[in-house]
Amino acid sequence: MSLLRRIANLFSRSKVDREIDAEFRFHIEMRIEENVARGMSPEEARRDALRRFGNLSSTKENVTSADAALTLYSVWSDIRYAGRQLRKNPGFSSTAILVLALGMCASVAIFAFVDAVLIRPLPYQSPSRLIALFESTSLGPRFHLSYLDYLDWKRHNKVFDSLEAYDNLFFALSTATGTQRVPGAAVSAGFFRTLGVAPILGRDFHDGEDIPSAPRTVLLSYAAWQNRYGSREDVLGQAVTLEGVPYVIIGVLPRQFHFAPAGPSEFWASLHESSDPNNRGNHGLWAIARLKDGATPQTASADMSSIAQQLARQYPDSDGGRGATVLPLSELIVGNLRPILLLLLSGAVLLLLIACVNVSGLILVRSENRRHEIAVRGALGASRMRLIRHFVTEGVLLTAAGSVLGAAAAYGAMHLLLRLVPANMLDGMPYLRELGLNPHVIGFAVATGLAMAILFSLTPILRLSLIDLRAGLVEGGRGGARTAWKHLGANLVVLELCTAMVLLVGAGLLGKSFYRLLHVDIGLQPDHLAMIGLRSPHFRYAKPEQIVALTRRVMEETGRLPGVQSVAVAQQAPVANVAGGNTAFEIIGRPQHGIAYEAVNRQVGGSYFGTIQARLVQGRYFTETDDDSKPRVMIVNQTFARKYFPGEDAIGKHIRYDASSPVIEIVGIVDDIKEGPLDAELQPVLYTPFNQEPANSFCIVVRTVHAPEELLKSLEGTVHGIDHDILAFNAETAEDRIHNLQSTYLHRSSAWLVGGFAAMALLLGVIGLYGVIAYSVSQRTREIGVRMALGAQRSSVYGLILKEAGRVMALGILSGAVCSVVTAWMMRKLLFATAPWDAGTLAAVAVMLAASALLASYIPARRAASVDPVEALRSE
Amino acid sequence: MAKNDLQGTLDLLVLKTLSQVREMHGYGIVAHIQQASDDLLRVEEGSLYPALHRMEQQGWIAADWAMTETNRKAKYYKLTAAGRKRLQEEEKNFEHLVKGVRAILRYA
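Order-wise, the sequence lines are chains A and B.
Everything in the first sequence is counted per the numbering used here, starting at 200 for the first residue and increasing by one.
Everything in the second sequence is counted per the numbering used here, starting at 1191 for the first residue and increasing by one.
Okay, structure coming up:
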């Protein structure tokens, strides 16, 4: 048969049918004729012919299945049949499809994030060979290195093809409309070559372009090229003024290039650090490197440590106690997101699991109710294979509908989630720009869909193999299979309740740690507090006195704004993503023995501690008069006093930064204030008077009696009234600042997302329990009728049903409790001030789950108790 | 070893029949196999048709509707060139099988 004809057969199915019928008829008629000729009676001849031919319909099915195209056709007819079956039962189909779509949506959306952050390679050449480098100090592993240290690291290492430095900063960009604060970066000459990134326009930095005497050059990010220069090619060679200094634009970076550690940098300038030997203590750079062939992060770590040790011995003043930290670059870029994303993915997969179990339960109930139909079709000659094909088609159809709906919803969900991420945080996570339904995500969705299709096809097949086809014909037959099913259904519900409990406990713990995080003592009163960052232009405020005079004027004028109670200046606002800004120091009169003392260093004005309402423990605060003309003083936090003066009185002790700097006396101890994120450990902090160490970048902190939001606009206006060239940025209330911290955000979003998963899991689990109990009641109506006719009380009927539900519930909650503790222990690092075995959460979740489960089984129990015995028995 | 099973044997019987009678309908093939084998081989009549349609799919035989001597419409099958080649292979395979089985029987 030609291919053409085979395809044509698809459209003329009835013709092929007729032909096969005719062929069979001819055969049987010939046989009858011959039988008659041999002397049989016509009736006998016909019976014999049919017997010899065998089962007509199954033979016909075999003939049709011999034709490939006809097989296709029969698959299509199966699909239509399955579609009809599903449409005939809209309650079942829509529930199953919605539940599947829900599970699919959650897991695909979260997987898209996992893919964008963890799976998709970073946009560099062989990114797995890239390394991030830090200096370690006694305060932690990730601190800046100095320019001279960088040069020594670069010169002495034996493990890197290249090692380059960078610094993320903000430039004051002079534009036609005034000065703007733009994110930027300064990088050493080989930075982009190390990453394996080439400009799409113009050139990269030449070697040696990063020494102080070289002319200033800058590369544009693609976004800056588009937005500021309208993608014009003649941008090359143009000058741009950054920090009052002209730079020449030499190139444009590719669109897909991003480097999160340097922020959303628009201008990539070459580094121009001074190699003055006194500069070694000036730690202000980060570094990246590319591993040589054969080198590993471990060998690199060993090599760098020995170099750092050598430098520490050579320059004990500036490098004493400093080591080297070697990390894969990906760890630096996405390391903090990995545990949270994996947690969310596990949550979503658990939800998907519950959804699948739920739908399996529904399918089982349905196949149970279709026993009769299946039996009849079996008796009419449908082969087992054919019946199985029907179930598979139905399972595939259900899954396909649920998956497509779920994937579409996931597409919406991931963009909704992305929109919920604050813009400034999104800038720090450029890899999320690539979020979408890419081949990875679609592959995941398809694989999940296939797994579900297999599960939902196997469920009824398993069921089918359990029963004897013919037994289904006997209405009301109560075989062992039925009990087997009931056990299976009950076990599925136990699994659902257990999973729901794990998710609920997870959500409870995350919620609790988020609550604890927000209520942690940060050492200041954040309500009614507003702050704004300022930067005065170098050229106008070059001398320290000029800066001090400027801050006095700003504070004076701000103090006159309505509702303002007090104003203070600080070099940096408290509570930040990274505490940073630390210094090494020595204690006068205490031999060092090579131990480096390190502390976070903050310059604050005289009114600072009063304005933020910190708590003085001992000694005094600074005053406005603690300036350059007075002896140097400092205030330390309690952690500092405890760490460096244990069992001693810190007040009156003297320290200095190094041999070249003046001696400073400790005059006060303040209760710990969070300088870094809320969930970070407290670090020793030393505060010095702003007026003794002024800087041209500082922030103004204001306490007001009104809502602090109202103040933000007028703060900026006041500052620009004084000097239009002062850059004002990050005007925010202290409460917003705390809420928008990356760590706060991560805690909050994981608590909400897992909470959402848990709520859905609870709903699905309870529905599952309801389904099983309701089904059991419907099967036992007659039994209950008999019991009641024999005098059973309604209360004992309640007891009968609730006991059944109680057993499932107890098993679910018990196993759930065990699994939750294990899961919680695995995610303990994500919890803040909350034990993974937090008894309160466990108990609350168990009670809530039990209450909802009781409610779900109460409804069918009530139905059972209201059975009218006469009605129930009549149907017998 | 030669591939051989019951289905293969049925194919062989049908192909051989068609090579001898040139053109025949299903019923005629059944009757011919029975006759030629002295009533030793009785094909289950229904099972013949899936085999015929499958071989038609594979291009070994071709089919056409025609009138019988008694003026009935019947579907006649005949061997194609590919079918002839297939028949030779099947015959060889079968010889192999028989030889092999005989050898074992003799050995015992």
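Ideal placement from N, C-alpha and C gives every residue a C-beta, glycine not left out.
query                                                                                                                                           : result
Cβ neighbour criterion (16 or more within 10 Å) applied to residue 1238/B                                                                       : buried
Beta carbon of residue 467/A nearer than 8 angstroms to that of residue 381/A                                                                   : no
In DSSP terms, what residue 782/A is bridged to                                                                                                 : 798/A
Residue 225/A at chain B interface by Cβ criterion, 8 angstroms                                                                                 : yes
Simplified DSSP assignment, three categories, for residue 771/A                                                                                 : coil
Closer than 8 angstroms to chain B by CB, residue 291/A                                                                                         : no
Reduced DSSP secondary structure (H/G/I, E/B, other) of residue 467/A                                                                           : strand
8 angstroms Cβ cutoff, residue 584/A in contact with chain B                                                                                    : no
Reference residue 854/A, options 878/A, 823/A, 886/A, 971/A, closest by Cα                                                                      : 886/A
Proximal residues of chain B, C-beta to C-beta of residue 1094/A below 8 angstroms                                                              : Residue coverage of chain A in this structure runs from 200 to 1075, which leaves residue 1094/A outside it and unanswerable.
Cβ-Cβ separation, residue 359/A to residue 488/A (assumed contact under 8 angstroms), whole Å                                                   : 4 angstroms
Straight-line gap, residue 233/A to residue 249/A (C-alpha atoms, nearest Å)                                                                    : 13 angstroms
Environment of residue 679/A [buried if 16+ CB atoms lie within 10 Å]                                                                           : With a pLDDT of only 49 at residue 679/A, under the threshold of 50, the placement of this residue in the model should not be trusted; the figure read from the coordinates follows. When all chains shown are included, residue 679/A counts as exposed.
The stretch 306 to 321 of chain A contacting the stretch 490 to 500 of chain A, beta-carbon criterion three pairs below 8 angstroms             : no
Beta-carbon proximity of residue 535/A to residue 345/A, cut-off 8 angstroms                                                                    : no
Below-8 angstroms beta-carbon distance, residue 1276/B vs any chain A residue                                                                   : no
Inter-stretch contact at 8 angstroms, needing at least 3 Cβ pairs: the stretch 1006 to 1022 of chain A / the stretch 1033 to 1049 of chain A    : yes
Member of 257/A, 228/A, 256/A whose CA lies at the smallest distance from the CA of residue 243/A                                               : 228/A
Secondary structure, beta strand (DSSP E): runs of 3+ residues fully inside the stretch 813 to 849 of chain A                                   : 815 to 818, 832 to 836
Chain B contact residues for residue 229/A, given Cβ-Cβ distances below 7 angstroms                                                             : 1217
Meets three-Cβ-pair contact criterion under 8 angstroms: the stretch 810 to 828 of chain A and the stretch 859 to 879 of chain A                : yes
Bridge partner(s) assigned by DSSP for residue 367/A                                                                                            : 384/A
Limits of the alpha helix (DSSP H) - the one that residue 502/A falls within                                                                    : 496 to 513
Helix, strand or coil at residue 462/A [DSSP, three-state]                                                                                      : coil
Chain-ordered neighbours of residue 236/A on chain B, where CB pairs are closer than 8 angstroms                                                : Correct list: empty, because the minimum Cβ distance to chain B is about 12 angstroms.
Whether residue 1242/B touches residue 1223/B by CB criterion (8 angstroms)                                                                     : no
Where residue 890/A falls, given that 16 or more other Cβ within 10 Å makes a residue buried                                                    : buried
Of the listed residues 740/A, 338/A, 508/A, 419/A, nearest to residue 884/A (C-alpha basis)                                                     : 338/A
Rounded C-alpha distance that separates residue 1209/B from residue 650/A                                                                       : 50 angstroms
Residue range of the unbroken alpha helix (DSSP H) whose run includes residue 787/A                                                             : Premise fails: residue 787/A is in no alpha helix (DSSP H) and is neither H nor E.
C-alpha distance - residue 834/A paired with residue 801/A, whole-angstrom precision                                                            : 10 angstroms
Residue interval of the alpha helix (DSSP H) (run including residue 1243/B)                                                                     : 1235 to 1247
Continuous beta strand (DSSP E) stretch holding residue 1254/B: start and end                                                                   : 1251 to 1257
Distance, residue 571/A Cα to residue 676/A Cα                                                                                                  : Note that residue 676/A has pLDDT 47, beneath the 50 cutoff, so the model's placement of it is unreliable and the number below is only indicative. Roughly 10 angstroms between the two C-alpha positions.
Validate contact between the stretch 1050 to 1059 of chain A and the stretch 952 to 965 of chain A using beta carbons, cut 8 angstroms, 3 pairs : yes
Within chain B, partners of residue 221/A - CB distance below 8 angstroms                                                                       : 1263, 1265
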